[in-house]
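Here's the structure, in structure tokens; my notes come after.
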Amino acid sequence: MAREGESRSFRRKFCKLCFDKVDRIDYKDDRRLTRFITDRGKIVPRRISGTCARHQSQITEAVKRARILALLPFTSEQYR
Amino acid sequence: MMKTYETTIIFDPGLEEARINEEVDRVSQSIAQASGEIVEVQRWGKRKLAYNIRKRRDGTYIHIKHKSPPELIGEMDRKFRLNEGVLRHLTVLAVKISPRAAEEAARAAEAAASGVAPPPAPSYIEERD
Chain P
1 MAREGESRSF
11 RRKFCKLCFD
21 KVDRIDYKDD
31 RRLTRFITDR
41 GKIVPRRISG
51 TCARHQSQIT
61 EAVKRARILA
71 LLPFTSEQYR
Chain D
1001 MMKTYETTII
1011 FDPGLEEARI
1021 NEEVDRVSQS
1031 IAQASGEIVE
1041 VQRWGKRKLA
1051 YNIRKRRDGT
1061 YIHIKHKSPP
1071 ELIGEMDRKF
1081 RLNEGVLRHL
1091 TVLAVKISPR
1101 AAEEAARAAE
1111 AAASGVAPPP
1121 APSYIEERD
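From first to last, the protein sequence lines stand for chains P and D.
Take the numbering used here: the final residue in the first sequence is number 80, and no numbers are missing along the way.
Take the numbering used here: the final residue in the second sequence is number 1129, and no numbers are missing along the way.
Take a look at the structure:
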């Protein structure tokens, strides 16, 4: 049985926003934000996306604002 | 005391352009009356909504950046809520670029113009206006 750190190969996660040197993620930038929501419309957790704390909190705020403006869904159509 | 805000308004897609202009003018006037200032008006046009609002699938988006006294925001919110043509609205504080970040950005632009490699990562320091 493959346990963590045994036989699986690991690739270190990194914050994609830090890599792109994003200073501030904007709630109006829905194209960029869609990368951080699941197909159900949930915000992808840090442990999955590897985002740093600073950017994750910016994403959270931005996604919530974008949802109010109907730029992003609260939930996807087929699950409603 | 003036603060910089960003207000986004989603109008009913059924409204004509003239009607929307009228509404935008009304907002601008109320800001001017409160001795505020319009920084920028963006018209995003008709966009598909991520979910239906009042059975509408689309909305006409208007984005206004303005300097206003904080007291005006509550009043503005009340007016939008009473306005039948407004499907949704949101006002948030605009993020002010910190002097250091602005300086770095200017330097990066300069470096890009002169064809030299850009300086190290921009600072994440920011200030709210």
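C-beta atoms are modelled at their ideal positions from N, C-alpha and C, and glycine is treated no differently.
In this text, all values refer to a predicted model and were calculated from it rather than measured experimentally.
What's the C-alpha gap between alanine 1106(D) and alanine 53(P)?
27 Å
For arginine 1056(D), the first and last residue of its enclosing beta strand (DSSP E):
1056-1068
Threonine 34(P), DSSP secondary structure in three states
helix
Quick one, which residues of the segment 1026-1046 of chain D are near chain P if we go by CB-CB under 8 Å, in chain order?
none
Just the C-alpha distance for glycine 41(P) and arginine 1019(D), rounded to the nearest angstrom, thanks.
34 Å
Express the C-alpha separation of serine 76(P) and lysine 13(P) in angstroms, rounding to a whole number.
27 Å
With 8 Å set as the bound, which would you pick, yes or no: does the beta-carbon of leucine 1015(D) sit closer than that to a beta-carbon of chain P?
no
Going by beta-carbon coordinates alone, are isoleucine 25(P) and arginine 32(P) separated by less than 8 Å?
yes
Inspect the CB distances between the segment 1039-1057 of chain D and the segment 1006-1013 of chain D and report whether three or more fall short of 8 Å.
yes
Just to check my reading of the structure: glutamine 1042(D) and histidine 1063(D) have Cβ atoms closer than 8 Å, yes? What is that Cβ distance to the nearest angstrom?
4 Å
Helix or strand or just coil, what does DSSP make of histidine 1082(D)?
Looking at the sequence shown, residue 1082(D) is not histidine but leucine. Leucine 1082(D): helix per DSSP, three-state reduction.
Rounded straight-line distance, which links the Cα of histidine 1066(D) to that of valine 1039(D)
5 Å
Would arginine 35(P) count as contacting chain D if we go by Cβ distances under 8 Å?
no
According to DSSP, is valine 1038(D) part of a helix, a strand, or is it coil?
The sequence shown places isoleucine at residue 1038(D), not valine. Strand, per DSSP.
Determine the direct distance from the alpha carbon of glycine 50(P) to that of lysine 16(P), and round the result to whole angstroms.
8 Å
At what residues does the beta strand (DSSP E) containing lysine 13(P) begin and finish?
Lysine 13(P) -> no beta strand (DSSP E), and no H or E assigned at all.
Are any of the Cβ atoms in chain D nearer than 8 Å to that of isoleucine 43(P)?
no
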